[in-house]
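**Student:** Structure in structure tokens, see below.
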Amino acid sequence: CSVTEEQLDPFSLVADELSIITKRLRSVVGSEVPKLASAAGYFFKAGVEGKMIRPMVLLLMATALNVPRHELPTDGVQETLTHKLRTRHQYIAEVTEMIHVASLIHDDVFDDADTRRGVGSLSFVMGNKLAVLSANFLLSRAFATLVTLKNTEVMCVCVLCVYIYIYIYSEYVISLMATSIQNLVAGEIKQMTVTAEQRYSMECYMQKTYYKTASLVSNSCKAIALVADQTEEVAMLAFEYGKNLGLAFQLIDDILDFTGKSASLGKASLTDIKHGIITAPILFAIEEFPQLSTIIDRGFDNPANIDTVLEYLGKSHGIQRTMELAMKHANLAAAAITSLPESNDVDVTKSRKALVNLTQKIITRNK
Ligand code: FPP
Ligand code: MG
Ligand code: MG
């Protein structure tokens, strides 16, 4: 069948479901304490929801893996199970977004950032204390939703084995999501506590990048596969897609921190280097101009030092090599999708194509 480019646009394929998730998020973060409700709901309000990339990826992944491994008894039962599975997938998408937003709120406290998503950061608008408390509240809400993955009511004996499976794997899903939060925290602490040697190591940078950006999406992609009763092999391909997409995404983010305009990014630019955080473009530039590290080590109390670093970066192939590395990871992500078990199903095929398209969209983005 021929599918138009528009149909393969990753966002439009799941737009309706994303708006269901957006609505659910708004209601799930409510509280009877008005200040808490407005702080926790801050980044879920209309116009501030962000790009919802993670939920989009997870919903597309859910359809991309919709290749049932077992024959299900009757049509009625099959429909109910399919519906229940999709709801579980939506919950994983919702939880992932809550964890992501909680991490951004914490991040803006640590980075003393005034803006996020084109508006004042929560810590700037409501103060650090409310920001941290409401982010903790979001994490707790996320886990409350994860626990509901377990809620199963036995419909009839013939599907009991499916329910037992869901029960066991829901525990595994909760631990995957817990791991991703632990990795977010570990990544942030790694960044805060790098030694002089680690600061200029590409290996340390990539590991931190995995923890801070790729772990959440890779583990949640794996969770999507596991609740769908997929094999460990398929779950690993889903994980590899999320991991490589996340790495490519962050590499581009690190380029945009140098080349993007803060107005279109919705946050300040040049923040990494000003905070002494060394990212891929600079690491590659240092390979060509080792004296750059001595200049960086002087710090940026003198703003002219930033200009010197930018001059070196401009003369080097730092941006280009970072782009090539991002492309390598984008291609690895696409390869994970093309390695999935074959399917002739139209929706499965469309979602897989959209996931592959997304790997290219991510590296050509400018905001
Ligand atoms: C953005 O980094 C921040 C993250 C990707 C995660 C930060 C993680 C924490 C602060 C740990 C606490 C998290 C939880 C869930 C308890 P950035 O500052 O490099 O990027 P930015 O330009 O978007 O600010
Ligand atoms: Mg930040
Ligand atoms: Mg930060």
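Heads up: the sequence shown runs through residues 49 to 415, numbered per UniProt numbering. All C-beta atoms in this analysis are idealised placements derived from N, C-alpha and C, irrespective of residue type, glycine included.
Figure out for me which residue from ILE303, GLN298, TYR220 and GLY235 has the closest Cα to the Cα of GLN368.
**Tutor:** Checked all of ILE303, GLN298, TYR220 and GLY235; the closest Cα to GLN368 is ILE303.
**Student:** Residues bridged to THR163 by DSSP?
**Tutor:** According to DSSP, THR163 bridges with GLY168.
**Student:** Under 8 Å: does the beta carbon of THR319 sit that close to some heavy atom of ligand 2?
**Tutor:** THR319 Cβ: within cutoff of ligand 2.
**Student:** Using a Cβ-Cβ cutoff of less than 7 Å, which residues in the same chain neighbour VAL205 once the five nearest sequence positions on both sides are dropped?
**Tutor:** Reliability fails at VAL205, whose pLDDT of 46 lies under 50, so the model's placement of it is uncertain and no value is given.
**Student:** Out of curiosity, what's the CA-to-CA distance linking CYS49 and LEU56?
**Tutor:** Only weak support exists for where CYS49 lies, its pLDDT of 44 falling under 50; the value from the coordinates is given anyway. About 13 Å.
**Student:** For ARG413, which residues in the same chain have their Cβ closer than 7 Å to its Cβ, ignoring the five residues on either side in sequence?
**Tutor:** Contacts found: ILE300.
**Student:** Could you check if ASP159 belongs to the surroundings of ligand 3, using beta carbon to heavy atom distance under 8 Å?
**Tutor:** Yes.
**Student:** Looking at ASP302 and ligand 2, is the gap between the Cβ and the nearest heavy atom below 8 Å?
**Tutor:** Answer for ASP302: no, Cβ out of range of ligand 2.
**Student:** Once you ignore the five residues that flank ASP155 on each side, which residues in its own chain have a CB closer than 8 Å to its CB?
**Tutor:** For ASP155, where only same-chain residues beyond five positions count, the Cβ hits under 8 Å are ALA161 and GLU236.
**Student:** Kindly indicate the opening and closing residues of the alpha helix (DSSP H) around LEU295.
**Tutor:** Per DSSP, LEU295 belongs to the alpha helix (DSSP H) from 280-307.
**Student:** Distance check for LEU340 and PHE191, CA to CA, integer angstroms please.
**Tutor:** Between PHE191 and LEU340, the C-alpha separation is close to 45 Å.
**Student:** What do you get for PHE158, buried or exposed, if any count of 16 or more other CB atoms within 10 angstroms of its CB means buried?
**Tutor:** PHE158 comes out exposed.
**Student:** With a 10 Å radius around its C-beta and 16 neighbouring C-beta atoms as the bar for buried, classify ARG346 as buried or exposed.
**Tutor:** The residue in question, ARG346, is exposed, as its Cβ has fewer than 16 Cβ neighbours within 10 Å.
**Student:** Distance, Cα to Cα, SER228 vs ASN405?
**Tutor:** Looking at the two C-alpha atoms, the distance is approximately 25 Å.
**Student:** Would you check whether ligand 3 has a heavy atom nearer than 8 Å to the C-beta of GLN239?
**Tutor:** Within the cutoff, so yes.
**Student:** Inspect the beta-carbon positions of VAL149 and ALA183 and report whether they are closer than 9 Å.
**Tutor:** Yes, the Cβ-Cβ distance between VAL149 and ALA183 is below 9 Å.
**Student:** Which of helix, strand or coil does DSSP assign to THR407?
**Tutor:** Correct three-state label for THR407: helix.
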